[in-house]
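Residue numbers (this note's numbering): 780 to 1313. Idealized CB from N, CA, C, for every residue including glycine. Worksheet: one structure, shown below.
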């Protein structure tokens, strides 16, 4: 397979504030200087007010040249529209029209071009800049965007329920209007062609979209971002580059070994028994698995980017010996997976302030996380929802929640959770183990110490809290919240927790084993009290 790098285009750089004023508007002269190849023969843009077209007849009524046929479309061209509302809106039309050689700049929460329920539009050689969506399509058919420069702080292009959409030979500059990676969003939009574009800080995100062609694109700090919420299908994915290396997309392959260091991004769709190993990958989502069976990802180091390893709908996945440094949302993100193993992985967000959860496992079953180290995360270190999940022998330091667990038959055992902190993330509280809704579960043999607030906070039914050591926390050692009932708590060591060692707001909970084992309380004096008040 050959790979050809698309030549870099000039980059449009803007500095925006929250409102439209002189400092937020790029001048016609600046746009010509920065993008001479996009200006073509136009010497001057004509300043124009925002355009609203809501029927076929509006084109003629407003005086736009053409007759709406394929050979003579209506034409909007040569305009400078800088506005605090949507620059160009076209709705409910079936005629052919073209928007070309325009400079469009919109303020916060406004689109530069908004096309809804239209058929057959051509957007060519425009310079587009906004803090919201550059181009928004809803129920639009046969829209072609070609030779444009599109800069956005949220999403350069969003297409919802659209068909036959094409983006060809466009430039998406590095974001100067915001700090987050940008989303080129395709949702339930079929037969899209994305070819020959230059993307900076942009992820193409597909949700429930089919027959997509993705060819000859160059991504810098971005790539392909598959969503498991309605997995998409591709007609062709080829000749794409991510951070100077090929994007590898495999569908339906089996029994392969992939040396990941040779690729900028690895995407597996409905594959089986694939080993992805030995990669140092940055500023992307390095490895994605969708509906796979028996695949293994090992010895991957991920730097920054959207997330480290994303797995949706797969079974028998193994993720081992990986390192995650400052990835954006989760080092490992698993949804609707089963019979999987995550072991001996390390995560540290470093200076990347958007770090949320290290491991997200939601609506999963029979998955084990073991021997992992998670340090200094902004929200949850680990987030579990599902059934029969096991977290064991891990070290967690400095998150808001060490472990946030919800589900049935969950096990959190023999972990060291310390220095939980809400200082930089939340004004309310932090928790070593936050069991927001568990049933028939076991929390045992954990050391939880030196946290800003709770050791364990639980909304729990019929669960065991056994042999945990909870010491030197600034809040309550263990709290059972209002509806908690039928729980047993014994063999726990509770010492030097500033706001009290225990608080039970539930009912029918038993703070011993019913035979001979209770809990050790540092503030209980058997010489002066016959029982410990909780």
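Remark: C-beta atoms of residue 1159 and residue 1196 do not approach each other more closely than 9 Å. Here residue 904 really is in contact with residue 880; their C-beta atoms are around 5 Å apart, less than 8 Å. Per DSSP, the unbroken alpha helix (DSSP H) holding residue 838 starts and ends at 835-840. Restricted to the segment 1091-1159, the beta strand (DSSP E) segments that are unbroken, complete and at least 3 residues in length are 1097-1099, 1102-1104, 1111-1114, 1120-1122, 1125-1127, 1138-1144, 1147-1149 and 1152-1154, listed in chain order. Listed in chain order, the non-local C-beta contacts of residue 1090 below 6 Å within the same chain comprise 1068, 1096, 1113 and 1116, local neighbours out to five positions each way being set aside. Distance from the Cα of residue 906 is smallest, within the candidate group 931, 868 and 1052, for 931.
If you check the CB distance, residue 1170 and residue 1182 come in under 9 Å. Residue 1039 carries a helical assignment under DSSP once its states are collapsed to helix, strand and coil. Excluding sequence positions up to five before and after residue 854, its CB lies within less than 6 Å of the CB of 844, 845 and 877, all in the same chain and listed in chain order.
The Cβ atoms of residue 1280 and residue 1237 do not sit closer than 9 Å to each other. Of all C-beta pairs linking the segment 965-982 to the segment 990-998, three or more are shorter than 8 Å, placing the two stretches in contact.
Cβ contact annotation for residue 1011 (same chain, cutoff 8 Å, sequence separation greater than five): 965, 985, 986, 987, 988, 989, 991 and 1005, in chain order.
Less than 9 Å divides the Cβ of residue 1079 from the Cβ of residue 1060.
At a cut-off of 3 residues, the continuous stretches assigned as beta strand (DSSP E) that sit fully inside the segment 1027-1080 are 1033-1038, 1044-1048, 1051-1061 and 1066-1069. In the three-state DSSP reduction, residue 971 falls in the coil class, being neither helix nor strand.
The shortest C-alpha to C-alpha distance from residue 1290 to any of 1277, 1257, 1301 and 1276 is the one to 1257.
Non-local beta-carbon contacts of residue 1071 in its own chain, meaning distances under 6 Å to residues more than five positions away in sequence, involve 1047, 1050 and 1093 in chain order. For residue 877, the enclosing beta strand (DSSP E) stretches over residues 876-879. Note on geometry: alpha-carbon atoms of residue 1026 and residue 1214 lie some 39 Å from one another. Its chain contains 1164, 1215 and 1216 as the residues whose beta carbon lies nearer than 6 Å to that of residue 1185, once the 5 sequence neighbours on both sides are disregarded; these appear in chain order. Of the residues assessed, residue 1287 falls on the exposed side of the cut-off, its CB having fewer than 16 other CB atoms within 10 angstroms. Taking a 10 Å sphere around the C-beta of residue 1105, we find 16 or more other C-beta atoms and assign the residue as buried.
Taking 3 residues as the shortest admissible run, the segment 1213-1274 contains the following complete beta strand (DSSP E) segments, listed from N- to C-terminal end: 1221-1223, 1226-1228, 1233-1240, 1243-1245, 1248-1250, 1257-1259, 1267-1269 and 1272-1274. With a 10 Å radius around the Cβ and a threshold of 16 neighbouring Cβ atoms, residue 888 comes out exposed. Inter-residue distance for residue 872 and residue 1220 is about 58 Å (C-alpha atoms, whole angstroms). Per DSSP, residue 871 lies in no beta strand (DSSP E) and is assigned neither H nor E. Sequence-distant partners of residue 1014 (beyond 5 residues in either direction) whose C-beta falls short of 7 Å from its own C-beta, in its chain, are 990, 991 and 992. Residue pairing for residue 936: DSSP places it in a beta bridge opposite 914.
Using a 10 angstroms sphere on the CB of residue 1142, the tally of other CB atoms stays under 16, which defines it as exposed.
Note: residue 1013 is bridge-paired with 991 in the DSSP secondary-structure output. If you draw a straight line from the Cα of residue 1167 to the Cα of residue 1126, it comes to about 24 Å.
Shortest Cα-Cα distance from residue 859 to any of 875, 1124, 837 and 882 involves 882.
DSSP, read as helix, strand or coil, puts residue 1168 in coil.
By the criterion of a C-beta distance shorter than 6 Å, residue 1042 is surrounded in its chain by 1024, 1025 and 1027, once the five residues flanking it on both sides are discounted. Counting only the Cα atoms, residue 944 lies some 39 Å from residue 1161.
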